[in-house]
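S.K.: Structure incoming, see below.
What follows is the structure, encoded as structure tokens:
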């Protein structure tokens, strides 16, 4: 038969066990509640017009469109051709017809977006999973991101002369310093 002190000791150890189990239950419950609160606090934004395809090339093409990369590349090419034309006309003002013809040919023979995407796709596949591209496409399909994508060309156009001025000033400072250092 067990003595009174043995019963008290087993009650104490049983009580400790129950207290430990209750503490674990409280900790697990509070952790689960905290996770649910964290999930509830995540901002959910609706995206519109995007339907994942599961085809990497299609997702990449959509990314180029929805993120504004395609229009950025087209605008950049157009601006470069215009700048090149101005430069040529300033150097060869009497050869306007030939300069125009050259610019037309350069414009006609520019790389197509298809060629660019096919060439770039292995690099994108190396760094992005299809799931990551799909998440990016969802993100860029939100109203906020589409607003940004639409504003970026205007911002870039207004920033271009400022950037040129900064670079020109910086180049002049560097030229002076390099000239002094090399004398």
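Residue numbers (UniProt numbering): 1 to 183. Note that the Cβ used here is the ideal one computed from N, Cα and C, for glycine as well.
1. Pull up the DSSP beta-bridge partners for residue 87, would you.
2. Could you compute how far the alpha carbon of residue 54 sits from the alpha carbon of residue 130?
3. Consult DSSP for residue 142 and reduce its assignment to one of helix, strand or coil.
4. Please go through the same chain and pick out, in chain order, the residues whose beta-carbon is closer than 6 angstroms to the beta-carbon of residue 64, but skip the five residues on each side of it.
5. Please name the residue in 56, 155, 178 whose C-alpha comes closest to that of residue 123.
6. Does the distance from the CB of residue 103 to the CB of residue 81 come in under 8 angstroms?
7. List the endpoints of the continuous alpha helix (DSSP H) containing residue 57.
8. Could you check the C-alpha separation between residue 141 and residue 163 for me, to the nearest Å?
9. Within the same chain, show all residues whose beta-carbon is closer than 8 angstroms to that of residue 125, passing over the 5 residues directly before and after it, in chain order.
10. Using the Cβ count rule (16 or more neighbours within 10 Å means buried), how would you classify residue 30?
11. Looking at the structure shown, is residue 127 part of a helix, part of a strand, or coil, going by DSSP?
12. Looking only at its own chain, which residues have a Cβ that is under 6 angstroms from the Cβ of residue 52, when we skip the five neighbours before and after it?
13. Please confirm whether residue 137 and residue 68 have their CB atoms less than 8 angstroms apart.
M.R.: Concretely, from the data shown:
1. In DSSP, residue 87 forms no bridge with anything.
2. Their backbone Cα atoms lie some 7 angstroms apart in a straight line.
3. For residue 142, the secondary structure class from DSSP, reduced to helix, strand or coil, is strand.
4. For residue 64, same chain residues with a beta-carbon under 6 angstroms away, outside a window of 5 residues either side, are 70 in chain order.
5. Ranking 56, 155, 178 by Cα distance to residue 123 puts 56 first.
6. The beta carbons of residue 103 and residue 81 sit closer together than 8 angstroms.
7. Note, residue 57: alpha helix (DSSP H), 56-66.
8. About 29 angstroms.
9. Counting only Cβ-Cβ distances below 8 angstroms, and skipping sequence neighbours, we find 56.
10. Low per-residue confidence applies at residue 30: pLDDT is 47, beneath 50, and the placement is therefore not dependable, though the value from the model is reported in the following sentence. Residue burial annotation: residue 30 is exposed, with fewer than 16 other C-beta atoms found within 10 angstroms of its C-beta.
11. The three-state reading of DSSP puts residue 127 in helix, counting H, G and I together.
12. Same-chain partners within the cutoff: 134.
13. Taking C-beta atoms as the reference points, residue 137 and residue 68 fail to come closer than 8 angstroms.
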